[in-house]
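Number of protein chains: 2
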Amino acid sequence: MTDFVYDFHQGSRAMADLLGGKGANLAEMTNLGLPVPPGFTISTEACRAYLDAGVEPAGLASELEEHMARLESRSGKRLGDPHDPLLVSVRSGGRYSMPGMMETVLNVGLNDTSVTGLAAVADDERFAWDSYRRLVQMYASTVLGVDSEIFEKAIERRKATRGVGLDTELLADDWRAVVDEFKTAIHEYTGRPFPQDPLEQLRSAVGAVFRSWNAPRAELYRRHHGLPTKAGTAVNVMAMVFGNLGQGSGTGVAFTRDPATGEPGVYGDYLTNAQGEDVVAGIRNTVPLTHLRDLDRAAYDELLSHMATLEHHYRDLCDIEFTVERGKLWMLQTRVGKRTPAAAFVIAASLLADEIIDEDEALTRVDGEQLSLLMFPGFDPGAERTLVTRGNGASPGAASGTIVFDSETAVDWAKQGRAVLLVRRETNPDDLPGMIAAHGVLTSRGGKTSHAAVVARGMGKTCVCGAEDLDVDTDNRVITTPTGMTLSEGDVLSIDGATGEVFLGEIPVTDSPVVRYFEGALSAEEQKSDDLVSAVHRLMTVADRRRVLEVRANADTGEDASRALRFGAQGVGLARTEHMFLGERRAYVEHLILAETAGEQEAALAELEPLQRADFEELLAAMDGRPVTIRLIDPPLHEFLPDLTELAVRVEHDAATGASDTRSQRLLEAVRRLHEQNPMMGMRGVRLALVIPGLLAMQVRAVGRAAARLRRNGHDPRPEIMVPLVGSVTELRLAREEAEKVLHDVRAETGQDFDCPIGTMIELPRAALTAADIATAAEFFSFGTNDLTQTTWGFSRDDVETEFFARYLDLGVFDVSPFESLDREGVGQLVRLAAHAGRQTRPGLGLGVCGEHAGDPHSIHFFHDIGLDYVSCSPFRVPVARLETGRAAVGQNTDSAGSGSA
Amino acid sequence: MTDFVYDFHQGSRAMADLLGGKGANLAEMTNLGLPVPPGFTISTEACRAYLDAGVEPAGLASELEEHMARLESRSGKRLGDPHDPLLVSVRSGGRYSMPGMMETVLNVGLNDTSVTGLAAVADDERFAWDSYRRLVQMYASTVLGVDSEIFEKAIERRKATRGVGLDTELLADDWRAVVDEFKTAIHEYTGRPFPQDPLEQLRSAVGAVFRSWNAPRAELYRRHHGLPTKAGTAVNVMAMVFGNLGQGSGTGVAFTRDPATGEPGVYGDYLTNAQGEDVVAGIRNTVPLTHLRDLDRAAYDELLSHMATLEHHYRDLCDIEFTVERGKLWMLQTRVGKRTPAAAFVIAASLLADEIIDEDEALTRVDGEQLSLLMFPGFDPGAERTLVTRGNGASPGAASGTIVFDSETAVDWAKQGRAVLLVRRETNPDDLPGMIAAHGVLTSRGGKTSHAAVVARGMGKTCVCGAEDLDVDTDNRVITTPTGMTLSEGDVLSIDGATGEVFLGEIPVTDSPVVRYFEGALSAEEQKSDDLVSAVHRLMTVADRRRVLEVRANADTGEDASRALRFGAQGVGLARTEHMFLGERRAYVEHLILAETAGEQEAALAELEPLQRADFEELLAAMDGRPVTIRLIDPPLHEFLPDLTELAVRVEHDAATGASDTRSQRLLEAVRRLHEQNPMMGMRGVRLALVIPGLLAMQVRAVGRAAARLRRNGHDPRPEIMVPLVGSVTELRLAREEAEKVLHDVRAETGQDFDCPIGTMIELPRAALTAADIATAAEFFSFGTNDLTQTTWGFSRDDVETEFFARYLDLGVFDVSPFESLDREGVGQLVRLAAHAGRQTRPGLGLGVCGEHAGDPHSIHFFHDIGLDYVSCSPFRVPVARLETGRAAVGQNTDSAGSGSA
């Protein structure tokens, strides 16, 4: 026979699955000897049994009676006693906090007779009738499902009759009359009177709390937060204590440290003569907790002593609810408290310094998302702001600047020393210079993984995207806001990349000291004197020592590589050679595409080689002694040409106005010829290398010659060549044979004998499925989880990551975009399979990942678990990846203790 | 110690892996007591050992000597005997025939002394010196690698000196002089004289044949034919016999049946006073084999008796090479003979009727590709023809017709009773009416799996595609040929869909009796009187009895379904509901897309429902009592709108000429809004159903109402609803819930209680990977192997199936396009995995396949092996699928005996 009910002293903190978070912590406090009102918890198991069967499980009623009898004897009062009645609260409390989602019934035990006993004991008739009124009202809406508006209206009518405006102005008789009216309404509504039997009240309230687990709002909340749907809630039944019994009573919340900064001290709020719900209602202003010292020194001192006990016991910031009833302190709830990212680091470092927790545990107290939030600048908290609209918070931080509508203007104005904000409908790779020059980026289209968002996050640049209410007219350089206001080039906006808010005018911005630390811009002195920075430093040291996964960076230039190095990257895991052909260099690719003879094609390639060689030399030099994985050109070449439709319309326009030129005509022909229905699945990756003669050889020669030259100059270049979009070992073998031949020739030509492993991206399902074969021709695999996600799910990021994804998140098809966090079940299955098969074939096979997911905490833990060697992310995410790889190594779940649970 | 050499009487037909095809069959004939010249075979194992080590394996030389000694004693002659020398031929012969790819050396054993002995024995000095000349020449080029042009030139010089034109006009002295010249050249070229030791000649010749296995042309041949690369060749050494010893000698080939029709009788050719290579050289004309009867009755009768022995022994058509040396018949080679598709059926049925083979074996003697070739019309073989160019033979058959350049004209002219040929650069779904109306389709772009090819094959319509030499100018309705000739609308062309040839003018075409049989257009009488038709009928009966896989058809209309039924389909495995919205009905989809309010959208859907219902009713009625799987709308809706670029250019043009209209403007806006970068991976399939309110409900309601109505009228409709492009069980569950609700309502509304299972396509890697989950919400899976191939390989058929695929076939990345024949290693792995996981979850899960591969013989065998329930292919492929599913059930490999091996 299962026990469904546990007295507080029967439970413990470790029993949160069974007793819920609140019940487990009440048990813990009870066992610590803290003054918790007596009570018991009905387990989540009882809830599950109730919900499965649809009725109260057998045995629960008798257990409830039994525990209630003990509660009566412990409190010295009886339920329904007409002289001094015991009242209890009935509160939900699941394993995970779902604030406001579920039900509570207070003052259970009051009825038409015991209300007079309460009045007598409290010596306050108004209090007693108000309490009774609250019970009837909560019971009616929670248990009986009566529309609560009926009750609100009754109270309003009463106030009108009495000519007063506030509930507090109603007297005992008023509440008595309201109670009568309520009871009549219930009788009419349900056909039965309000139950006078306290035990019936209790059992009904417990059932109602159980049922509230399946309320639509609770289901929605769980779906959105990825919480288990079948866990059920526990129910806590506790003797009522009252903070609203006059000036000697009150209620408050306390934190053992400042949840904003992590500094130790006494933090919290107190409200005299009030109950918890009054604090929530926010009708009266609370006072700082320290005022309690003056109001009730004994209660204050006792509270401080309990706070110290709890922080020491929980070895963490605790968040506490308490009530003072006529001078007697009662502890009503505690939990490990939520905190800001900065506080999380400071607290963890401080507890570590005090040897309260060890290094591994300290790592579990912070997480990568917190760190990333600390790396962005923020608005001056005191500054005034006028909200214009809201988009997606795509890359955190805060930026103010003069708006510009194109990349060129952004660059020009930035050169003149102006802070600019680049505003576009959406961005594409050509906007890169403008994005670099701008302080922030604002787009009216696209989600959190749109081009703008991804690139901005990679650069650590503030970005708000998909602000769909803004009509961005780049032709006329005007934004129209939802209210019809127009903003022109030169006007100033401010954006908050965390919240997605867009504000009018300038708001002062403060820099992140954490980034300055990572950049190496802080002296040892400055580092030490800043609590946050020294905490971050301490925890990064621990993470670096513990982690197994290496962290490399995706970097396409020497500058990127140098920054990544300062941020702690151990190499470049992905250098995208096509990024070297944006902007002005497009012309060179155009020559290659428009070449009509083998000779012209050779000449075009010959133009490209020295440019590539110089790029590679810069990269390899910046990462001297560390691996640099250079990926052969990946996108379809037509991406370097103008858009088909735009060009066709322009040519048509020119023809109509007599302004035709043959170059445009010829270009249009080429664009038409190369046009693809589905470029993502077209002539790209290794297909280019196998189909366009000389392209692969040119790139490999440039790599080889760059390496040879650096070696001659005493450097230690470590290039690796990576072949993209391989689907079959034959493709890789053919590419490899050609590359090896070229490298052999370069070694002969230069007399320099450098190493250059050759590997491949695993980014197609077929590559993953045939990884055992592919490994015969690869020295390393790098999982391209972006493309692998696209092909495994069969959706193109460009096309579906809009309303479609929003709808899918609503429907619960995804908990989170699979482009943000790796889909372990589908894509992850392929990654795991390929990693395993590859290593079976070639035990020393290098395994890394270079998609967006390499910077995502959830995904990093997966990559650690399946035994990859490294993750490679954008330079700005390198510290996050260092921290999360460390956390993964100590076996910590993705969420830190302070940010998820309750 | 391994034996490397086997005397002919030591081998057998079963030892083809070791002895090669030729050696095994020589052994078999020897053991049957047929007059085979004595000889032995050096095994493929010796070849592999030789090629691995690069030198003659230990023991081979002594084995050779030993077997040669036995050969000498058996033939009563000695190698190098100056009076009556033994000569031998040294011929390659692998497991699989590689005609002309490898080397042969004849007359081994001749030298400066034995040549005179040969002259004396043969009483023909010219013959002896010509034979010696042939040995020296073949030896030089094969063993020594001397450029054979040197020798050809020497002979030319000799003929010039002698003032004659033909080799046959050279006399004994001429050949003697040529031999001298050859030997001098060899000495100069190699530094060594031509070897006089017959054993050295033999060993060197054997080594050279071994090495020729790895010649580039042989490697290329194997790669193109998918033959094993490491098998090696055997070498056959046989006493020379001579058909060129005067009028009493000769050589010939014989078939035990007519390889063109399969009729029994004496077929073959004979050439008096000649060797086999003379027949090949084709200098003199052969005579029909029956003439031998008049030339040498004894030899002829003996040959006929051996032919009967062989056909009886091999239980199949045999193809024989023989030589008559001065009246003595020698059997030089035999094998199961190649044959035409018609002959394959007639022979199999005839052997079955004679109880020489049983039903299962009869099935192994024919295959689906042969059957499909018999289903197409052909040109009158006697008709004259003028070749214009050659494209890809995309859908077999022959068609003559007046060329037209658009679908409308095709339909109009066809209505006037004209035979038309639809000519397009490439086709798209809008060309469907024209393709139906036309006798054949010709395109200048696209491969064997382009739209034109796939659709034409599905309809059994003749098609040549990718005739890239033709410049098709549809605007001006003109084709320009490679020679600069122009053809206008109204001119006549003829196309051969098997060879890809395009001819000028009309060529008479004859219909396929096999199709008329399948159509049920032949009377029992006609069926019996046509040997081919009755053979096909017999074998189809066997196949239908044996097969385990059901065969369904892909059909979108009642007409298609009726045809499929006549062809033997057991249901419709795929009805594409979007095909019902082509042509004029596009307007309805346009209304849906352009709807701006929920009301307009509802109205648009309400317009569509009765159309769909009528379509479904027709389909279900045609397939009464058999399953009809109806797929919810799959492609992105913008496919029903005009092309973005074309429309944008038109609007620009209209604007420039002042002819703007708001409808085009509005349409352009919609097209822009719905435009997708990669439509193949965009808003399609189940995504439409989940995002567009009411769309799924409308389609399901139409299915339900159609079924209800048929039931009311006494029919037995069996609809199944199939959800496309599912990647996650949640998508399917949501779609299923809505569909079930609608079906429930329809049942309630109509009072008809029909069944309607709901299943899903498995066409995304993620669906395959999570099939265990998906099966919880699916009553059946239908593998969409087209899309699964696209996503698994990450290439879009539209984009890569052009030069890219040709290049990949050349490079050996594919043996065959993965869209033609299922890629078992990659895509097949997912299919197998999903089928298994699905059945684990739901043991009764229905499993089918409805991609193009369902009609491909190789793929059908795979589907049989992994235990699917049915394949669903285009109606015209149904007989092929019936045959191949039967063949799969008897465990037969895809190739039939007569079409692949030798």
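These protein sequence lines are chains V and A, in that order. Read in the working numbering, the first sequence has 824 at position 824, and its numbers run on one by one without any break. Read in the working numbering, the second sequence has 64 at position 64, and its numbers run on one by one without any break. From the three backbone atoms N, C-alpha and C, an ideal C-beta is built for every residue, glycine too.
Per-residue burial, residue i [other beta carbons within 10 Å of its own, 16 or more giving buried]
{"i": "residue 373 of chain A", "result": "buried"}
{"i": "residue 341 of chain V", "result": "buried"}
{"i": "residue 685 of chain A", "result": "buried"}
{"i": "residue 355 of chain V", "result": "exposed"}
{"i": "residue 657 of chain A", "result": "exposed"}
{"i": "residue 439 of chain V", "result": "buried"}
{"i": "residue 306 of chain V", "result": "buried"}
Whole-Å CB distance - residue i paired with residue j, under 8 Å assumed
{"i": "residue 774 of chain A", "j": "residue 700 of chain A", "result": "Contact flag wrong, Cβ pair sits at about 19 Å."}
{"i": "residue 411 of chain V", "j": "residue 434 of chain V", "result": "6 Å"}
{"i": "residue 367 of chain A", "j": "residue 887 of chain A", "result": "7 Å"}
First through last residue of the beta strand (DSSP E) which encompasses residue i
{"i": "residue 329 of chain V", "result": "328 to 336"}
{"i": "residue 317 of chain A", "result": "Unbroken run through residue 317 of chain A: none, as it is neither H nor E."}
{"i": "residue 631 of chain V", "result": "627 to 631"}
{"i": "residue 575 of chain A", "result": "572 to 576"}
Residue i (DSSP reduced to helix, strand or coil)
{"i": "residue 116 of chain A", "result": "helix"}
{"i": "residue 859 of chain V", "result": "helix"}
{"i": "residue 680 of chain A", "result": "helix"}
{"i": "residue 78 of chain A", "result": "strand"}
{"i": "residue 89 of chain A", "result": "strand"}
{"i": "residue 726 of chain V", "result": "coil"}
{"i": "residue 239 of chain A", "result": "strand"}
{"i": "residue 261 of chain V", "result": "coil"}
{"i": "residue 375 of chain V", "result": "coil"}
{"i": "residue 39 of chain A", "result": "strand"}
{"i": "residue 256 of chain V", "result": "strand"}
Residues sharing a beta bridge with residue i, DSSP
{"i": "residue 507 of chain V", "result": "According to DSSP, which records beta bridges pairwise, residue 507 of chain V is partnered with nothing at all."}
{"i": "residue 872 of chain V", "result": "V:552"}
{"i": "residue 463 of chain A", "result": "A:395 and A:441"}
{"i": "residue 288 of chain V", "result": "V:269"}
{"i": "residue 369 of chain V", "result": "In DSSP, residue 369 of chain V forms no bridge with anything."}
N- and C-terminal bounds of the alpha helix (DSSP H) containing residue i
{"i": "residue 778 of chain V", "result": "Residue 778 of chain V -> no alpha helix (DSSP H), and no H or E assigned at all."}
{"i": "residue 16 of chain V", "result": "16 to 31"}
{"i": "residue 732 of chain A", "result": "729 to 750"}
{"i": "residue 347 of chain A", "result": "341 to 353"}
{"i": "residue 565 of chain V", "result": "558 to 566"}
Where residue i meets chain B, residues with beta-carbon distance less than 7 Å
{"i": "residue 852 of chain V", "result": "Checking the listed chains, one finds no chain B in this structure; the protein chains it contains are V and A."}
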